[in-house]
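Chains A and B, in that order, give the protein sequences.
Here the first sequence is numbered in the numbering used here, starting from 1 and rising by one per residue.
Here the second sequence is numbered in the numbering used here, starting from 1 and rising by one per residue.
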Amino acid sequence: MGASFKEALTVSELTREIRTQLEDNFDSVRVEGEVSGSKRHSSGHFYFTLKDAGAVISAVMWKSTAMRVVLPQDGDRVVAAGRISLFEPRGAYQLMVTSFKPVGEGDLLKRFEELRKRLEGEGLFDPDTKRDFPAYPKRIAVITSATGAVLQDIRNVLSRRSPHLELLLIPSPVQGAEAVPGLLQAFARLAFLEGTPFEPDAVIIARGGGSIEDLWAFNEEPVVRAVSGCPWPILSAIGHETDFTLCDYAADLRAPTPSAAAEMIAPHREALLEELDSWASRMSEALTQTVARRRERLELLASRPCLRNPQQMLDRPTQRLDWLLERLQNASVRTTERTHARLASLAGRLDALSPLKVLSRGFAAVESNSGQILSSIKGLEKGQEIQVRFGDGRALARILNVEEHAA
Amino acid sequence: MSPEPTFEESMIRLEKVVADLERGDLSLDLAMGAYQEGVALVSTCRERLSQAELVVRRLTEDAAGNPVVEEA
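See the structure below:
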């Protein structure tokens, strides 16, 4: 070592030398590890570290790539492909990642399934909360890319079928890292329309077909929640018929394709015009009938006897009054007669029952000295004094003999 | 001042007016009133359907970040 201090390298020279060595030897590597400390910088670059049980390596994915792929989350195991480089100002080497691949099949599907279950548990996909779409919309808001074929498809369908409508485009990126913030911003703008003259009748959120990674933004929780909280009925048309995203579950209705979405929401103008014609003629018909019915009724009323011959109105009641009076008189006479007869009959029956009356017919009553009526020989003794009562007085008598009838 | 009814509101109102008239239990005065309202609704709805070309607008934001609706 000692002698060659003169030939010392500068820090920069050494660093550059190391960098060259690294870049030459590790210009294409694949490394498997767990993602941690991930952070998406405001510049758009994605920084993270890859680690395993024994080591850590810092990594970065530049914005141009990061905005086109589904970024992993902390804890995900991935295979990252890229090259090693050295960041000279900090003397740190890092992995410049160009692509990710989840380790173990179906990491995304697993995340999809977990989130689906959790949101379903919260009732976000509850069929009872699905709203009906208006039968006669006028303005339809569409959240989609301003440049894609999807917007063109929807425009074509609406222009052909329902040129009376208004399409309100809320542009948003629908793929890559820009998609989630873009879609959330679109929903924020949409909410601003509430209470303004631009309020839509229904909303379509749409995107063309793609891989599960391409469609992933529509499975991100904040986007799914925004769809679920949309102030107007919302129809989801994302990917092809066979693709399902969580937005499809959260929306009020799902369409297999964006064109189908437009057809499902927008009524045909010709059909509406026909409907209006039919309503107009039904109204005229109904009014004509109403008037005809009133006229019939009026004529019927006018022909009634009371209007044709008002004297009749007095004749009948007068006659009835006479008749009633007569009945009343007859009835009172009969009532008096009946009362008299009944009274005489009752008096006669009462008279017949009088004990005095019985005695006057030649019977007599026998009483003891104490005035008790004696109706049997039982207890009578020879020589006993009794009283005999007649209709017109009484006599004292003595028993001479007591003789019982033979039984 | 209530805002102008939407196309949807007008169509639904018209549907009800037709049904009321067809039920036939309105007094003559009310029936005449309903008919007049219905005829006016048919004409506004037709007018709204007469637009020949799809109107396309775009919701974006101005420099200050406020949402704006612009003709596309």
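Think of the CB as a built atom: it goes at the ideal place given N, C-alpha and C, for glycine as much as any other residue.
In this structure, A:I143 is the residue among A:S376, A:Q175, A:I143 with its C-alpha nearest to the C-alpha of V203 (chain A).
Counting only the Cα atoms, T15 (chain A) lies some 16 Å from E7 (chain A). Put simply, the CB of A64 (chain B) is far from chain A, with every gap to its CB atoms at 9 Å or more.
Note that the stretch 39 to 51 of chain B touches the stretch 279 to 286 of chain A; at least 3 beta-carbon pairs, one per stretch, sit closer than 8 Å. Its Cα nearest to that of G393 (chain A), the residue A:V366 stands out among A:R342, A:A149, A:V366. Listed along chain B, no residue sits closer than 9 Å to E17 (chain A) by beta-carbon distance, the nearest being about 49 Å off. Distances from the alpha-carbon of G24 (chain B) to those of A:R334, A:K382, A:Q289, A:P197 put A:Q289 closest. Cβ neighbours of R398 (chain A) within its own chain (closer than 8 Å, five residues either side excluded): G383, Q384, E385, I386. In this structure, G209 (chain A) keeps its C-beta atom at 9 Å or more from the C-beta atom of H164 (chain A). Annotation: the continuous alpha helix (DSSP H) that includes E275 (chain A) extends over 269 to 302. For the stretch 151 to 180 of chain A, the set of positions with a beta-carbon nearer than 8 Å to some beta-carbon of chain B reads R155, L158, S159, S162, P163, H164, L165, E166, L167, L168, L169, I170, P171 in chain order. Under the 9 Å criterion on CB atoms, W279 (chain A) is classed as interfacial with respect to chain B. Q175 (chain A) counts as buried, since no fewer than 16 other beta carbons sit within 10 angstroms of its beta carbon.
Taking C-beta atoms as the reference points, F46 (chain A) and S58 (chain A) fail to come closer than 9 Å. Legend: CB atoms of the stretch 112 to 123 of chain A lying less than 8 Å from CB atoms of chain B are not found in any residue. Within 10 angstroms of the beta-carbon of V11 (chain A) lie fewer than 16 other beta-carbons, which makes it exposed. When CB distances to chain B are screened at a threshold of 8 Å, the residues of the stretch 197 to 225 of chain A falling below it are P197, F198, D201, in chain order. Taken in chain order, the members of the stretch 280 to 295 of chain A whose beta-carbon sits within less than 9 Å of a beta-carbon on chain B are A280, R282, M283, S284, E285, A286, L287, Q289, T290, V291, R293, R294. In the three-state DSSP reduction, P102 (chain A) falls in the strand class (E or B). At a C-beta separation below 7 Å, P137 (chain A) has these neighbours in chain B: E8. When DSSP reads this structure, K39 (chain A) sits in a beta bridge with A:Y47.
R269, L272, L273: these are the residues of the stretch 253 to 274 of chain A whose beta carbon lies less than 8 Å from some beta carbon of chain B, given in chain order. Taking C-beta atoms as the reference points, D252 (chain A) and R131 (chain A) count as a pair closer than 9 Å. In the three-state scheme derived from DSSP, where H, G and I count as helix and E and B as strand, S375 (chain A) is classed as coil.
L95 (chain A) is bridged by DSSP to A:A59, A:I84. In this structure, I154 (chain A) lies near P258 (chain A), with their beta-carbon atoms less than 9 Å apart. L300 (chain A) counts as exposed, since fewer than 16 other C-beta atoms from the protein chains shown sit within 10 angstroms of its C-beta.
For P233 (chain A), same chain residues with a beta-carbon under 6 Å away, outside a window of 5 residues either side, are R131, F133, A202, D252 in chain order. Not a single CB atom of chain A sits nearer than 9 Å to the CB of A40 (chain B). Across the structure, L353 (chain A) and L400 (chain A) are spaced so that their CA atoms are roughly 32 Å apart.
G176 (chain A): not part of any beta strand (DSSP E); DSSP gives it neither H nor E. For E263 (chain A), the uninterrupted alpha helix (DSSP H) run begins and ends at 258 to 265, by DSSP.
Non-local C-beta neighbours of V157 (chain A) in its own chain, meaning closer than 8 Å and more than five positions away in sequence, comprise S259, A262, E263, A266, ordered along the chain. E367 (chain A) has A:I373, A:Q387 as its beta-bridge partners, per DSSP. Here the stretch 14 to 30 of chain A lies against the stretch 67 to 83 of chain A, with 3 or more beta-carbon pairs under 8 Å apart. Within chain B, the residues placing a beta-carbon under 8 Å from that of P134 (chain A) are E8, ordered along the chain.
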